[in-house]
Amino acid sequence: MSPNHDEQVDKQIDRKIRQACQAFPWLQQLLEQEGQVNLNQPLQASDLIRCPWLTAERLQPYYEGDFSHLGTYVYRTSGTSGGKRKAIWYSESDEEQYIAIKTKLFRSLVKDFGHRRVTADMGTGHAAYTSTVIFKALGMEVDAIDYTWPVQAHIDRLQAFKPTLLYTMPSILERLADHLENPQELGLKQILLVGEMASPAWQQRMAERFGLPAMSIQDTYGSIEIGTIAYYDHRTGRYQIVEGIFAEGLSASGAGEELAQLGPDEQILVLTSWVRDAFPALRFVTYDVVRDLRTEWRDGRWVQSFSAIVKRVGPELKHGEKISLYDIERVIYRHLKEATIRVKMVQRQLQVHVRCHPLSEEEVTAIQTDLHACMPEIGAMIQGGLLGSIELIQSHPGDGMDADGQGPVKGKKIYYD
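Take the sequence shown: its position 312, counted from the start at 1, is 335 in this note's numbering, and no numbers get skipped.
If you want it as structure tokens, here you go:
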């Protein structure tokens, strides 16, 4: 890097650390005591790596309650495994930056399609709330669907409005595909995703069902705490970090929790946001596990990217911290061209429910063998007697996978009984 660039980075880090400490006085004490960061002198790039990881253990005692003095907007998470919804605040500047970054990203993703109509089938939350503003800024007519409606109501609304672009969550898209006789009849040209994990294998199957090229399904990744984080770049086959964010990787032991052992190329994603003010986004530990996080020089600039989001770890999860929906989908779609998958943890038994064509004994055995092989942590737990072996269950319409279309549309997750 050039000296000028180094100077710019130093100023950016100095501004970020000082702003965060001013907004959150407890953070200044943490940095000085645990990180030995001297705020009485100009801060440099080396001071960022002295800042302690902002883990859930460090954050939770402080970032709760009313932060309206910092922000105008408040959004709530969908809830932890204990059912608690966290309130996350955004300032006017945060909201403006979020919309500007996302508008720029979406403009680049949809520029070749000539969309005039878009449906946002998102439900509630930050992405849903801002989607109308963003798509109108891109010159589109926007319709919004409430995710609490039965799936047939979603289909009726889409058929009436006839959008060429659909902005939705993977679980909602999967439900639509399952309940349409011919998904291609919707006439979609492009699908933008946000929310749950969407492995490349799953994306490929959805593209085939909707009669689209693989590149017409575009996955994005974000969180309420940080905003938009990354998008899937089909040219490289990797998730590229968006502007305004610096990413780091953390081992499970470094997160200060009794977490799952990670693979040799896996790390917990840690983020610093240069544009986020009403949240202490300074080395914030997301607890999302990514593979092959790297920084490289591309197209005349430094780019950060990772190959996959594989699972989530953390103190609020049960055996799920060792379960990768990404890997399960990759195995299933290696064997089956079309399938709907639900993963359940029933006491100590991992159940993979698959709705597809009738499976032969040989197919069941082959899939179970590959499932054991793709998740060595689960295999170790089975060997140690902590879990029973993985059970592959063939599902059928009406047997609990919401085939009647009356249940909630959001279902792409790990279930616990």
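C-beta atoms are modelled at their ideal positions from N, C-alpha and C, and glycine is treated no differently.
Cβ pair residue i, residue j closer than 8 angstroms
i	j	result
Leu188	Leu216	no
Thr142	Asp166	yes
Arg228	Tyr356	yes
Trp297	Gln35	yes
Phe329	Leu316	yes
Val375	Leu348	no
Pro303	Phe47	yes
Arg314	Glu289	yes
Glu1	Arg139	The chain is shown from 24 up to 440; residue 1 falls before or after that span and cannot be answered.
Leu235	Ala270	no
Ile332	Met192	no
Sequence-distant residues of the same chain with beta carbon closer than 6 angstroms to residue i, five excluded per side
i	result
Ala151	Met145
Leu394	Val354 and Ile413
Leu359	Cys379
Gln241	Leu132 and Leu215
Val32	Ala68
Ala230	Ala237 and Ile240
Gln213	Phe136, Leu188 and Ser239
Glu30	none
Counterpart residues of residue i in DSSP-defined beta bridges
i	result
Val32	Bridge partners of Val32: none, in fact.
Glu289	Arg314
Gly250	Ser246
Thr388	Beta-bridge pairing links Thr388 to no other residue.
Ala143	Ala167 and Tyr190
Asp256	Arg261
Leu415	Val375
Trp320	Trp325
Arg365	His376
Gln241	Leu215
Boundaries (first-last residue) of the alpha helix (DSSP H) holding residue i
i	result
Lys334	It is not in any alpha helix (DSSP H) - Lys334 instead sits in the beta strand (DSSP E) that spans Ala331 to Arg335.
Glu57	Pro48 to Glu57
Leu132	Glu115 to Val133
Ala79	Ala79 to Leu82
Glu231	Pro223 to Arg232
Gly158	In the sequence as presented, Gly is not what sits at residue 158; that position holds Phe. First-last of the alpha helix (DSSP H) with Phe158: His149 to Ala160.
Ala270	Note, Ala270: premise wrong, no alpha helix (DSSP H); beta strand (DSSP E) at Ile268 to Leu273.
Phe184	Val174 to Phe184
Close beta carbons around residue i, own chain, < 7 angstroms, minus the five adjacent residues each side
i	result
Leu285	Ser274, Ala275 and Val312
Ile266	A quick correction: the sequence has Glu, not Ile, at residue 266. Cβ within range, chain order: Ile124.
Asp37	Pro65 and Leu66
Leu382	Gln417
Endpoints, beta strand (DSSP E) assigned at residue i
i	result
Arg99	Tyr96 to Arg99
Gln213	Gln213 to Leu216
Glu87	Element bounds for Glu87: n/a, residue is neither H nor E.
Residues near residue i in its chain [Cβ-Cβ closer than 8 angstroms; skip 5 each side]
i	result
Leu40	The question names Leu, but residue 40 is Ile in the sequence shown. Leu54, Val60, Leu62, Leu66, Asp70, Leu71, Cys74 and Leu305, listed in sequence order.
Tyr254	Leu128, Leu132, Gln241, Asp242, Thr243, Tyr244, Tyr262, Gln263 and Val265
Ala301	Ala46, Phe90, Leu93, Gly94, Trp112, Tyr113, Ser114 and Asp117
Check whether the stretch 232-252 and the stretch 37-55 touch, using three or more Cβ-Cβ pairs below 8 angstroms as the test. no
Mind the definition here: the stretch 59-77 touches the stretch 311-331 only if three or more C-beta pairs lie below 8 angstroms; say whether that holds. no
The stretch 151-160 touching the stretch 329-338, judged by at least three CB pairs closer than 8 angstroms: no
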